[in-house]
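Worksheet for the structure shown next.
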Amino acid sequence: MDRLVFLLGTGVARGTVLALFALSLVLIWRATRIVNFAAGAMAVVGVYVGVAVIGVTGSWWWGLVATVVAGGLLGLVVERGVLRFASPRSPLSGVILAIGLVVVLQSLLGIVFGQEHEPVPPPFSDRPVQVGGVPLLSPYDLFVVVVALGLLGALRLLFVRTSLGLQLRAAAFEPEVSRLLGVRVARMRTLGWVLAAAAASLAALLAVPNELGLNPHAADMLFVSAFTVAVVGGLDSPGGALLGGLTVGVVTSVVTGYLGSTLAPVAVLALLVVVLLVRPSGLFAQAEARLA
Amino acid sequence: MSARRTLLLAAGGLVLAIGATFLLDPFRNYQLALVAAYLCATAGLTVLVGLSGQLSLGHAALMAAGGYGYALTVNALTGAGVDGVARFLGGVAGAVVVSGVVGLLLGLAGARLHGPYLAGLTLTLVVAVPAVAASVPALQGDRGVRTAFDGVPGPLRSLIALEQWQAWVALAVAAVAVTGLVLLRDGRAGLRMRAVRDDEVAAALAGIVPARVKVLAFAASAVTAGLGGAVLVFVTQSVSPGAFPLALSLLLLVAVVVGGLGSLLGAALGAVLVVLLPWLVGAATDALPLPAAVVQRLDGTLASLVFGLLLIVLVAGAPGGLAGALTAARARRRTRRSLRGAAAPRPTDDPPAALPTTPSTPREPVRTPTEG
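Residue numbers (the working numbering), protein chains in the order written: chain A, 1 to 292; chain B, 1 to 372.
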């Protein structure tokens with residue numbers, strides 16, 4: 001029982017990170033109808049920059065800032081430099097360009113930093129705190145939950161309460177009409193990519209201390225899980241990303257805890273299959289969600 | 001092309017390829033066998049993506065399914081005292097069954113999904129299959145399954161080397177796989193696949209069942225990928241989860257796109273590149289006076305960097321891939337020749353559409369009134 005409570009706790013922590021990463025996929029899907037299959041590789045580039053900055057300055061916080069900035073810049077470069085060439089007529093062309101980007105980024109990272117797993121220490125203790133004799137969350141997990149939920153909330157405010165958010169949503173859903181009304185659609189699209197890539201980089205930085213370490217492929221599984229999250233939640237629904245993230249996070253945590261970490265990818269596959277069989281376009285993808 | 005002509009061409013090509021193995025040294029023959037193995041997978045993938053418009057990022061998993069099917073059947077037959085050609089054919093049948101079943105299941109899912117959803121499902125599969133293989137006791141975990149050694153058959157033993165024999169077998173399997181795909185493409189089923197790819201609604205109105213066509217395409221593609229996996233296991237005598245990583249899946253996709261999506265010549269070019277490019281890049285870095293640590297870092301990664309850049313440049317700039325660029329160049333030359341002397345020669349820049357466009361597929365699926 002204690003063990004289950006602990007696994008649920010870490011599952012929630014992992015789930016919020018997944019939700020943040022999945023939100024990045026949702027943002028780009030809403031803005032450009034492309035699933036960014038390069039999100040994982042792009043996020044790892046941001047984390048490498050952040051870890052380098054931590055090494056130089058000795059401060060984890062400067063590393064966090066650097067990760068977010070580097071991730072955002074990479075989002076800008078990728079949108080302007082590569083994915084704008086995706087053909088709007090073919091849904092496959094964006095996926096294939098993104099796959100090319102994955103191969104390029106991962107091999108560049110391998111050439112520059114090597115394939116070793118570099119341990120990244122967390123900024124807080126990762127030993128679980130006992131509550132009434134039951135091991136619960138570690139301070140680091142708590143920090144992750146707070147940061148990820150805070151960011152999800154901030155993005156929600158940006159989209160729903162600000163005029164910039166309105167323009168972003170308008171550009172994503174009715175590009176032609178928005179252009180007529182004076183929205184700079186291309187700029188909004190780029191901004192969407194920058195926000196999404198920055199969020200994904202931050203999510204990867206938060207996830208890395210709980211993984212084997214930093215390596216060019218460190219975010220592969222994170223991406224696969226986040227894709228599952230985005231599908232479970234519906235690629236169109238930011239709220240679905242949070243719910244889906246918590247579901248997938250808890251499922252992988254419980255499966256890892258009771259059956260071993262090798263079976264976690266199988267659990268993710270099983271969940272994805274079940275959801276896609278029931279609802280081929282995701283659980284929360286509904287007309288109402290699309291209007292939001 | 002009539003079916004008989006296809007078969008004659010395939011037989012002729014196979015004889016020529018087998019003749020060519022006499023000109024190659026053992027290492028080149030080994031590489032040729034690998035090319036043949038990857039050709040099975042890339043040919044299947046290019047038919048799936050190019051002809052039926054379904055994207056699979058999971059073909060390494062299908063190769064793994066074929067490889068394990070082959071290895072387990074061969075080991076069972078060895079236990080039963082069967083060997084030689086019968087054992088090999090039994091193993092191939094095992095590969096076909098296992099990869100066919102996995103492909104059928106994936107195809108059933110694929111018929112309901114589109115674009116990024118199918119890509120994501122196949123991506124998850126390719127991550128999950130090594131995990132399954134590593135945790136099922138019968139598949140021997142990370143060490144993988146070893147199979148018995150298949151030497152050169154008795155009568156040929158004094159004539160050819162082991163690598164040459166392996167190249168023969170690999171070429172024969174690849175010839176069967178590719179011929180099957182050509183027959184499928186040129187036949188009624190291929191026509192239906194193109195119809196479904198271009199306009200699913202119109203195809204359905206014309207009496208085609210799109211789901212059935214999609215499942216058939218996935219199953220055919222899976223079986224050829226499985227044959228490729230079986231050939232790899234035949235050549236290396238072992239199969240393990242580590243041999244079919246995500247990177248291989250991406251590489252197969254890169255290969256068919258770089259070669260030219262939808263064209264079987266492109267698939268062949270892609271398979272050659274998958275084997276030759278890493279070797280060429282390795283040879284180049286060995287020749288340069290670089291420190292050992294640098295060479296170790298470039299090993300493998302530099303080749304995939306080149307692949308990735310090629311992919312991006314080709315998709316952005318020349319959507320027909322290498323094969324498409326060849327056809328386009330030939331067409332340009334022909335037009336230039338026919339226009340020579342005519343007023344204002346105009347280049348007819350109309351390269352074959354590489355990425356299948358699906359105008360009928362609602363790009364915003366949830367907005368259709370029937371869903372959500």
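For every residue, glycine included, the Cβ atom is placed at its ideal position computed from N, Cα and C.
Alpha-carbon spacing of residue i relative to residue j, whole angstroms
{"i": "E118(A)", "j": "G90(B)", "result": "46 Å"}
{"i": "P351(B)", "j": "A325(B)", "result": "Here P351(B) scores only 44 on pLDDT, less than 50, and its place in the model is too uncertain to base an answer on."}
{"i": "V274(A)", "j": "T16(A)", "result": "22 Å"}
{"i": "I208(B)", "j": "A111(B)", "result": "13 Å"}
{"i": "R346(B)", "j": "L45(B)", "result": "Only weak support is given to the placement of R346(B): the predicted model assigns it a pLDDT of 47, under 50, and the value that follows is read from those uncertain coordinates. Cα to Cα, the separation comes out at about 36 Å."}
{"i": "G55(A)", "j": "I111(A)", "result": "20 Å"}
{"i": "V232(A)", "j": "F244(B)", "result": "27 Å"}
{"i": "G240(A)", "j": "A219(B)", "result": "33 Å"}
{"i": "A344(B)", "j": "L108(A)", "result": "The predicted position of A344(B) is uncertain, since its pLDDT is 47 and thus under 50; a value taken from the coordinates is nonetheless stated next. So the alpha carbons of these two residues sit roughly 46 Å apart."}
{"i": "L191(B)", "j": "A328(B)", "result": "23 Å"}
{"i": "R5(B)", "j": "V176(B)", "result": "15 Å"}
{"i": "V103(A)", "j": "A80(B)", "result": "45 Å"}
{"i": "A211(B)", "j": "L246(B)", "result": "27 Å"}
{"i": "T348(B)", "j": "A195(B)", "result": "Unreliable placement is indicated for T348(B), whose pLDDT of 46 sits below 50; the coordinate value is still reported in the next sentence. Spanning the two alpha carbons is a distance of roughly 26 Å."}
{"i": "G270(B)", "j": "L288(B)", "result": "26 Å"}
{"i": "S163(A)", "j": "R169(A)", "result": "10 Å"}
{"i": "A226(A)", "j": "E176(A)", "result": "31 Å"}
{"i": "V129(A)", "j": "Q140(B)", "result": "39 Å"}
{"i": "M63(B)", "j": "P135(A)", "result": "44 Å"}
{"i": "V85(B)", "j": "A138(B)", "result": "25 Å"}
{"i": "G46(A)", "j": "L222(A)", "result": "15 Å"}
{"i": "W168(B)", "j": "V144(A)", "result": "57 Å"}
{"i": "L263(A)", "j": "L151(A)", "result": "30 Å"}
{"i": "D83(B)", "j": "P153(B)", "result": "11 Å"}
{"i": "T190(A)", "j": "E79(A)", "result": "6 Å"}
Run of the alpha helix (DSSP H) containing residue i, from where it starts to where it stops
{"i": "G91(B)", "result": "85–112"}
{"i": "D286(B)", "result": "264–287"}
{"i": "P209(A)", "result": "No alpha helix (DSSP H) contains P209(A), which DSSP labels as neither H nor E."}
{"i": "S178(A)", "result": "175–180"}
{"i": "A170(B)", "result": "162–186"}
{"i": "F143(A)", "result": "139–161"}
{"i": "A138(B)", "result": "That residue, A138(B), is in no alpha helix (DSSP H); it is neither H nor E in DSSP."}
{"i": "R297(B)", "result": "292–298"}
{"i": "Q31(B)", "result": "26–52"}
{"i": "E118(A)", "result": "Here E118(A) belongs to no alpha helix (DSSP H), and DSSP marks it neither H nor E."}
{"i": "R14(A)", "result": "2–32"}
{"i": "S380(B)", "result": "Lying before the first or after the last residue shown, residue 380(B) is absent from chain B, which here runs from 1 to 372."}
{"i": "P210(B)", "result": "210–236"}
{"i": "R80(A)", "result": "60–81"}
Residue-chain proximity (residue i, chain A), Cβ-Cβ < 8 Å
{"i": "L277(B)", "result": "no"}
{"i": "S135(B)", "result": "yes"}
{"i": "I208(B)", "result": "no"}
{"i": "S2(B)", "result": "no"}
{"i": "S304(B)", "result": "yes"}
{"i": "G120(B)", "result": "yes"}
{"i": "T42(B)", "result": "no"}
{"i": "G282(B)", "result": "no"}
{"i": "L39(B)", "result": "no"}
{"i": "A128(B)", "result": "yes"}
{"i": "R387(B)", "result": "Given a span of 1 to 372 for chain B in the structure shown, any question on residue 387(B) remains unanswerable."}
is_contact[residue i, chain B] using C-beta, thresh 8 Å
{"i": "F85(A)", "result": "yes"}
{"i": "T262(A)", "result": "yes"}
{"i": "L97(A)", "result": "yes"}
{"i": "S107(A)", "result": "yes"}
{"i": "P175(A)", "result": "no"}
{"i": "S93(A)", "result": "yes"}
{"i": "P238(A)", "result": "no"}
{"i": "R14(A)", "result": "no"}
{"i": "V104(A)", "result": "yes"}
{"i": "G40(A)", "result": "no"}
{"i": "P280(A)", "result": "yes"}
{"i": "T228(A)", "result": "yes"}
{"i": "M221(A)", "result": "yes"}
{"i": "V35(A)", "result": "yes"}
{"i": "L276(A)", "result": "yes"}
Within the segment 206–246 of chain A, ranges of the alpha helix (DSSP H) (whole runs, at least 4 residues): Within the segment 206–246 of chain A, the runs of alpha helix (DSSP H) at least 4 residues long that lie entirely inside it are, in chain order, 220–233.
Residues within the segment 244–269 of chain B neighbouring chain A, beta-carbon criterion of under 7 Å: Listed by position along the chain: L246, L250, L253, V254, V257.
Interfacial residues, the segment 85–115 of chain B to chain A, with Cβ spacing under 7 Å: A109, R112, L113, G115
Within 7 Å of chain A by C-beta, residues of the segment 178–202 of chain B in sequence order: none
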